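Peer 1: Numbering (the numbering used here), first residue to last: 1 to 177.
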């Protein structure tokens, strides 16, 4: 006799997937550092992050997501009148002042990169190194990113990079790639 196993058609959301975890750690350190974020907010944010990353090419989506987060971080840091709402609002695709509001800015940055070599290069360096580090952590990647960001004089990104790496070391994701 065979046993019938019911299949759940709803996709499982790997909230401890290393990419989701790294995006959340970056978001937290960039926007809500030192704030106590309720578990429901974190869960919502991780679900929203997974919805963005889970489209076809997870690696490319991860880099795009990191770059969008870093561009938002730079804008908020440079404009004191801007702020970031709670994760449930910030990651909500329908919220006009959330992460989706930076899509046009991100597209314009990508277009300018084609014309101006090195435009927002530090953000690219950070995103690519974070991807490499999440896939295969090593001291070599840490030192390489620090050196490149230092050469580009991206001091705020160096601090954010180091904060994220410390958080990833202290609180690693449960699952592996």
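Each residue gets a CB set at the ideal place from its N, CA and C atoms; glycine is no exception. Computed from a predicted model, the values in this text were never measured in an experiment.
For residue 71, tell me which candidate among 166, 120 and 158 has the shortest Cα-Cα distance.
Peer 2: Nearest option by C-alpha distance: 120.
Peer 1: Need the endpoints of the alpha helix (DSSP H) that residue 79 sits in, please.
Peer 2: First-last for residue 79: undefined, no H or E at that position.
Peer 1: With a 10 Å radius around its C-beta and 16 neighbouring C-beta atoms as the bar for buried, classify residue 29 as buried or exposed.
Peer 2: Buried, since its Cβ has 16 or more Cβ neighbours within 10 Å.
Peer 1: Is the beta carbon of residue 156 sitting closer than 8 Å to the one on residue 107?
Peer 2: No. Outside cutoff.
Peer 1: Is it the case that the Cβ atoms of residue 52 and residue 127 are separated by a distance below 8 Å?
Peer 2: No; because the gap between Cβ atoms is not below 8 Å, this pair is not in contact.
Peer 1: State yes or no: is the C-beta of residue 149 within less than 8 Å of the C-beta of residue 158?
Peer 2: Yes; because the gap between Cβ atoms is below 8 Å, this pair is in contact.
Peer 1: Compute the Euclidean distance between the alpha carbons of residue 33 and residue 87, then round it to the nearest angstrom.
Peer 2: Roughly 12 Å separates the two Cα atoms.
Peer 1: Using a Cβ-Cβ cut-off of 7 Å (strictly less than) and excluding sequence neighbours within five positions of residue 134, which residues of its own chain qualify?
Peer 2: Around residue 134: 18, 19 and 22.
Peer 1: I need the straight-line Cα distance from residue 63 to residue 50, nearest angstrom please.
Peer 2: Using only the alpha carbons, I get a separation of about 13 Å.
Peer 1: Could you give the distance in angstroms between the alpha-carbon of residue 171 and the alpha-carbon of residue 124?
Peer 2: Distance between the alpha carbons of residue 171 and residue 124 is about 25 Å.
Peer 1: Around the Cβ of residue 169, are there at least 16 other Cβ atoms within 10 angstroms (buried) or fewer (exposed)?
Peer 2: With fewer than 16 Cβ atoms within 10 Å of its Cβ, residue 169 is classed as exposed.
Peer 1: Only counting runs of 4 or more residues, tell me where the alpha helix (DSSP H) segments fall wholly within the region 13-51, in order along the chain.
Peer 2: You should have 18-31.
Peer 1: Please classify residue 164: is it buried, with 16 or more other beta-carbons within 10 angstroms of its beta-carbon, or exposed?
Peer 2: The residue is buried, with at least 16 neighbouring Cβ atoms inside 10 Å.
Peer 1: Compare the C-alpha of residue 129 against each of 84, 60 and 42 and name the closest.
Peer 2: Nearest of 84, 60 and 42 to residue 129, Cα basis: 60.
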